[in-house]
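Enquirer: What the sequence shown shows, in our numbering, is residues 24 to 455, in sequence order.
Note that CB positions come from ideal geometry on N, CA and C, so glycine has one too.
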Amino acid sequence: MCNMVDLEQIYEEVDNLDTDTILKVLNDLISVKTVIPPADNYREYVDMITPYFEKFEFKNEEVIQPEELIEEIPYPLNGPRINLVSKKDFNKEKWVTFYGHMDVVPAPTEEEREWRFDPFKATMIKSGKIYGRGVADMKGSMACVILALQVMEKLTLTPKYNINVVNCTDEEIGIYPGVRYLTEEGYVKGIIYCMEGVIDPIIVVGCTGALNVDVETVGRSCHSGMNFMGVNALEEMVPILVELMHLKKVVEERESDDIPGLPRFGSGEDRNMTPMFNLDVIRAGEKPNIVPGTCTLTINRRLIPEEKIENVKQEILDAINAGKERSKALDVKITFKYDYPAVRMDPNAPGVKRMKKVIKMVQNIPEDKMRMIGMGGSTDMGFVSEILGTNDIIFRGVGNVGSNAHGVNETIKLKDIRTFIKELIIFLCADL
Numbered sequence: 024m025c026n027m028v029d030l031e032q033i034y035e036e037v038d039n040l041d042t043d044t045i046l047k048v049l050n051d052l053i054s055v056k057t058v059i060p061p062a063d064n065y066r067e068y069v070d071m072i073t074p075y076f077e078k079f080e081f082k083n084e085e086v087i088q089p090e091e092l093i094e095e096i097p098y099p100l101n102g103p104r105i106n107l108v109s110k111k112d113f114n115k116e117k118w119v120t121f122y123g124h125m126d127v128v129p130a131p132t133e134e135e136r137e138w139r140f141d142p143f144k145a146t147m148i149k150s151g152k153i154y155g156r157g158v159a160d161m162k163g164s165m166a167c168v169i170l171a172l173q174v175m176e177k178l179t180l181t182p183k184y185n186i187n188v189v190n191c192t193d194e195e196i197g198i199y200p201g202v203r204y205l206t207e208e209g210y211v212k213g214i215i216y217c218m219e220g221v222i223d224p225i226i227v228v229g230c231t232g233a234l235n236v237d238v239e240t241v242g243r244s245c246h247s248g249m250n251f252m253g254v255n256a257l258e259e260m261v262p263i264l265v266e267l268m269h270l271k272k273v274v275e276e277r278e279s280d281d282i283p284g285l286p287r288f289g290s291g292e293d294r295n296m297t298p299m300f301n302l303d304v305i306r307a308g309e310k311p312n313i314v315p316g317t318c319t320l321t322i323n324r325r326l327i328p329e330e331k332i333e334n335v336k337q338e339i340l341d342a343i344n345a346g347k348e349r350s351k352a353l354d355v356k357i358t359f360k361y362d363y364p365a366v367r368m369d370p371n372a373p374g375v376k377r378m379k380k381v382i383k384m385v386q387n388i389p390e391d392k393m394r395m396i397g398m399g400g401s402t403d404m405g406f407v408s409e410i411l412g413t414n415d416i417i418f419r420g421v422g423n424v425g426s427n428a429h430g431v432n433e434t435i436k437l438k439d440i441r442t443f444i445k446e447l448i449i450f451l452c453a454d455l
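(1) For Ile214, which residues in the same chain have their Cβ closer than 6 Å to its Cβ, ignoring the five residues on either side in sequence?
(2) Determine the DSSP secondary structure at Tyr199, reduced to helix, strand or coil.
(3) Would you grab the beta carbon distance between Tyr68 and Met125 for me? Rounded to a whole angstrom, and I think it's under 8 Å.
(4) So the candidates are Asn190, Pro142, Ile222 and Lys177; which of them puts its Cα closest to the Cα of Glu84?
(5) Determine the DSSP secondary structure at Asp280, reduced to helix, strand or coil.
(6) With DSSP run on the structure shown, which of helix, strand or coil describes Phe13?
(7) Select from Thr321, Val174, Arg306 and Ala233 the residue whose C-alpha is nearest the C-alpha of Met404.
(8) Considering only residues of the same chain and omitting the five flanking positions on each side of Glu446, which have a CB-CB separation below 6 Å?
(9) Starting from the C-beta of Asn301, find all residues in its chain whose C-beta is less than 6 Å away, skip the five residues before and the five after it, and write them out in chain order.
(10) Have a look at Leu40 and Gln337 and give me their C-alpha separation to the nearest angstrom.
(11) Does the stretch 235-247 come close enough to the stretch 343-355 to have 3 or more Cβ pairs within less than 8 Å?
(12) Met27 by DSSP, collapsed to three states: which one?
(13) Is it true that the CB of Met398 sits closer than 8 Å to the CB of Val236?
(14) Could you tell me which of Glu330, Ile282 and Arg287 sits nearest to Asn295, measuring between CA atoms?
(15) My assumption, with CB atoms under 8 Å, is that Val188 sits in contact with Ser109. Please give the rounded CB distance.
(16) With DSSP collapsed to three states, give me the class of Glu85.
(17) Take Phe113 and list the residues in its own chain whose beta-carbon comes closer than 6 Å to its own, dropping the five residues that flank it on each side.
(18) Does the Cβ-Cβ distance between Pro142 and Gly123 come in under 8 Å?
(19) Closer than 6 Å by C-beta to Leu172: which residues in its own chain qualify, once you throw out the five before and the five after it? Chain order, please.
(20) Give me whichever residues DSSP pairs with Ser109 in a beta bridge.
(21) Which word fits Val424, buried or exposed, when buried means at least 16 other C-beta atoms lie within 10 angstroms of its C-beta?
(22) Alpha carbon to alpha carbon, how far is Asn26 from Tyr361?
(23) In the DSSP assignment, find the alpha helix (DSSP H) that holds Glu333 and state where it starts and stops.
(24) Tell me whether Thr240 sits in a helix, a strand or coil according to DSSP, three-state version.
(25) Under the three-state reduction of DSSP, which class applies to Gly374: helix, strand or coil?
(26) Take the Cβ of Thr413 as the centre, count every other Cβ of all protein chains shown within 10 Å, and call the residue buried at 16 or more, exposed below.
(27) Where do the N-terminal and C-terminal ends of the beta strand (DSSP E) with Thr44 fall, by residue?
(28) When you compare each of Val407, Met368, Met378 and Asp63 to Ile396 by their alpha carbons, which one comes out closest?
(29) Could you tell me which residues DSSP pairs with Tyr65 in its beta bridges?
(30) Is it true that the CB of Thr434 sits closer than 8 Å to the CB of Lys117?
(31) Is Ile358 buried or exposed, if buried means 16 or more other CB atoms sit within 10 Å of its CB?
(32) What do you get for Val273, buried or exposed, if any count of 16 or more other CB atoms within 10 angstroms of its CB means buried?
(33) Are Ser401 and Arg325 touching if we call contact CB-CB under 8 Å?
(34) So, for Asn371: in the same chain, excluding its five sequence neighbours on each side, which residues have a beta-carbon less than 7 Å away from its beta-carbon?
(35) Could you tell me which of Glu309, Asp303, Met249 and Glu207 sits nearest to Thr410, measuring between CA atoms?
(36) Within 10 angstroms of its Cβ, does Val127 collect 16 or more other Cβ (buried), or is it exposed?
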């Protein structure tokens, strides 16, 4: 284990990091508006962040995804999908890959809530809260990697791993995100450190997969005063909706064999991780005096690791076909969009076990007080796990359970930045 002098030196150096320096790095990342869609300025982001890694003598390589792969993503994207791989070989046996995605979701003002500050500037208030789009998800964590490397260089600390840092494209929309391509091409290796998580004492041991299904009923539009001349596509969607609601009940009764689920707030229910079945979007009609000729429904289906995508698709098809038999729709069209596979993390894998020791050391939290949990959200780590055949994936970052990632006034805390930097350094350098 690190001796007390080493730990005290590391902690003191991190605690004394100039706040302006922290905000400068964070603001450099936040101020590049990599909003997806279209995320048309990855070039600007890569040009901004590359010099940081050059300063630490990392080897940097830009990896651009082929156009034919990007065409698989059904969203309006512009510009090359440039991924940055920054690595340094310290002549160690093992590698660790730190993963971060460059894209962020839009930052609109909501009806009842406005951004307190410009969402594309890192702004800190007196309490130490820092506002900005992407501070939690997940540019703040990448800023912490840069700051951790600065401290390691100043203290001449040698890591116990060779370090690989990947800044990747298009996580927020999935299907063919940058890290999927990098993994297929051999750029991702070793322990996977996904900086998507939170600083709270939570060990993520699973994430759901995500499947979106578009169902379109085709009818025949006509004047609503002569509806007998048409086929109402919205009304003829109803038998299908009924069957899908029956399926929803069946699906959500299922549970993971061993992955704990999120607490069911207000219900007192304690269940393992469950799949989710949501009828999320429905569109039909132009005006009240026109019988709608088409109706489109979008289903969002979250898969647990025990489920197979082929079975999930088939039971949805079966439900739609059962409803179709009682529908007068002229046609029913179905499109599947498989955004992310589900993923299971092994709490006893070497990297995850090491991370638990780091949390215990830095935050003084016993391992039995760390909560194992399966997340309802989805992640591109599902692709990484499938391609590499690994479950040694750490899911941890600088955000917190109250960060409001994707929402108005996304925040992180200055004290959490310092904590996460300490965790990164101890993970890389300590004898545990």
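Expert: In brief:
(1) Val119, Gly374 and Asp415
(2) coil
(3) 5 Å
(4) Asn190
(5) coil
(6) Residue 13 cannot be examined here, being either before or after the span of the chain that is shown, 24 to 455.
(7) Ala233
(8) Val381 and Val385
(9) Asn323
(10) 55 Å
(11) yes
(12) Summary for Met27: the model assigns pLDDT 40, below 50, so the residue's position carries little reliability, and this model does not support an answer.
(13) For Val236 and Met398, no; Cβs fall outside 8 Å.
(14) Ile282
(15) 4 Å
(16) strand
(17) Pro182 and Asn185
(18) no
(19) Only residues of its own chain outside the window of five on either side were considered, and among them Phe79 have a CB closer than 6 Å to the CB of Leu172, listed in chain order.
(20) For Ser109, the beta-bridge partners assigned by DSSP are Asn83 and Val188.
(21) exposed
(22) At Asn26, the pLDDT of 41 sits below 50, so the modelled position is not reliable; the number obtained from the coordinates is stated separately. Approximately 48 Å between the Cα atoms of the pair.
(23) Ile332 to Lys347
(24) strand
(25) helix
(26) buried
(27) For Thr44, no beta strand (DSSP E) encloses it; the enclosing alpha helix (DSSP H) starts and ends at Thr42 to Ile53.
(28) Met368
(29) Answer is none; Tyr65 lacks a bridge partner.
(30) no
(31) Per the sequence shown, the amino acid found at residue 358 is Thr instead of Ile. Exposed, by the Cβ-count rule.
(32) Val273 is exposed by the Cβ-count criterion.
(33) Contact: yes.
(34) none
(35) According to the sequence shown, residue 410 is Ile rather than Thr. Of the candidates Glu309, Asp303, Met249 and Glu207, the one whose C-alpha sits nearest the C-alpha of Ile410 is Glu207.
(36) buried
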